[in-house]
Amino acid sequence: MKFRKRHLLFCILALIVLFMWLNNTNLFANKSGTYCFLAHRGLGQTFDVSQVEWDTNTAEIIDPPEHPYLENTLESMQVAFDCGAQCVELDIQRTKDNLLAVFHDSDLQMRTNGAGSVSDWTMEELKRLDIGYGYTADGGQTYPFRGKGVGLMPEFSEVLAAFPDKELLIHLRDGDLKTAEVLWQYLQDLPESRLWQITVYGDEAGLQYLREHNGEIRVLSASRLKSALLQYELLGWTGYIPQEIQNMELHIPLRYAKFLWGWPTKFVERMASVNTKVVLVAGSGKWSEGFDTLQSLDAIPSGYTGYVWTNRIDKVNPSPA
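Written as structure tokens, this is what we have:
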């Protein structure tokens with residue numbers, strides 16, 4: 119009797135393991151597809167991420183410039199799309215007159231000839247600033263973009279008008295609820311087909327407000343990402359897709375991606391079936407690490423058909439589609 123029970127238990131366990139393997143293996147998956155590129159802030163100046171802390175002014179440590187574009191400008195976004203990016207990430211902040219400026223830093227002094235936060239200025243005033251003022255690659259000896267960035271800070275409606283059919287990843291940079299409320303004023307009258315091309319990420323309060331007004335808009339926050347992936351790791355081996363992971367964007371560091379059930383092909387297909395976009399970021403994902411050289415692309419697994427985060431779309435896609 120003991121032998122029979124052990125044999126039965128062994129068979130049950132073997133069947134469970136076989137089910138898990140068959141349900142998550144990519145051995146029989148169609149791997150003919152390819153990935154898409156997501157250009158971080160369009161095409162901007164890069165810097166050594168190993169030198170970055172939470173309060174680092176990255177404009178003061180840029181690499182020697184190889185192109186003339188500045189992040190978060192219409193020109194940088196246009197050249198990114200021209201180079202074959204399928205999606206562009208941009209940062210928005212609320213202005214004093216309740217518009218949305220496209221700018222990253224918490225202090226204008228980091229990149230511009232202004233000072234204070236974006237919310238201290240009207241959009242008209244921000245347009246007069248030189249967003250290239252603070253960039254230097256040699257410790258302040260020269261400022262190659264000074265005087266070249268006057269009037270280049272966009273207002274968010276300009277982005278929507280310039281790229282009416284392009285995918286956008288919008289970062290609620292200042293993260294407060296009021297900014298989300300202002301953003302919804304821009305988004306609420308867009309057709310459903312346009313909203314499907316837009317993802318918003320940032321702090322949870324603002325995202326919750328957007329979700330209350332549109333339950334299917336794609337969102338991403340650090341807390342949602344952790345909760346969604348935990349739920350998936352617990353249940354995803356069955357093929358079940360938890361509610362927590364639906365209508366999202368997932369930023370997955372390359373270092374940890376291999377631990378996801380069905381990675382890469384089946385995982386991306388599962389996420390696509392519930393309106394969730396998968397974005398692969400380099401390394402551990404710290405400080406917006408991207409796939410920024412042709413050599414770095416060799417690490418992307420065969421059969422991955424999601425998005426790839428890059429700071430140098432001009433380098434990684436020299437022959438755009």
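Quick note, my numbering runs 118 ahead of the 1-based positions in the sequence shown. Glycine included, each C-beta is placed from N, C-alpha and C at the ideal position.
- Here the segment 299-315 does not lie against the segment 176-189, with fewer than 3 beta-carbon pairs under 8 angstroms apart.
- Counting other Cβ atoms within 10 Å of its Cβ, A233 stays below 16 and is therefore classed as exposed.
- In this structure L270 touches I249 by the C-beta definition: roughly 5 angstroms separates them, less than 8 angstroms.
- E276 counts as exposed, since fewer than 16 other beta carbons sit within 10 angstroms of its beta carbon.
- Residues Y153, F155, L398, F409 of the same chain have their beta carbon placed closer than 6 angstroms to that of V426, with the five preceding and five following residues left out of the count.
- V236 is a Cβ neighbour of T213, given a cutoff of 7 angstroms.
- Taking C-beta separations shorter than 7 angstroms and ignoring five residues to either side along the sequence, the partners of T230 in its chain run L247, D248, I249, Y251, G252, following chain order.
- In the DSSP assignment, D209 falls within the beta strand (DSSP E) that extends over 205-212.
- Using a Cβ distance threshold of 7 angstroms, L218 and F274 count as a contacting pair.
- F199 carries a helical assignment under DSSP once its states are collapsed to helix, strand and coil.
- Per the DSSP secondary-structure output, R336 pairs in a beta bridge with T317.
- A400 and R373 have their C-alpha atoms roughly 8 angstroms apart.
- Residue environment: T383 is assigned as buried (16 or more neighbouring CB atoms within 10 Å of its CB, all protein chains considered).
- Contact between the segment 127-145 and the segment 168-177 is absent, with fewer than three C-beta pairs closer than 8 angstroms.
- If you draw a straight line from the Cα of E330 to the Cα of P272, it comes to about 28 angstroms.
- Of all C-beta pairs linking the segment 374-394 to the segment 346-354, three or more are shorter than 8 angstroms, placing the two stretches in contact.
- Shortest Cα-Cα distance from N393 to any of L368, G324, L415 involves L368.
- Closest option to K376, judged by alpha-carbon separation, among L338, P419, K395: P419.
- Put simply, the backbone Cα of G151 is about 8 angstroms away from that of Y422.
- The DSSP-derived three-state label of A157 is strand.
- Straight-line spacing of the CA atoms in V197 and A346 works out to 34 angstroms.
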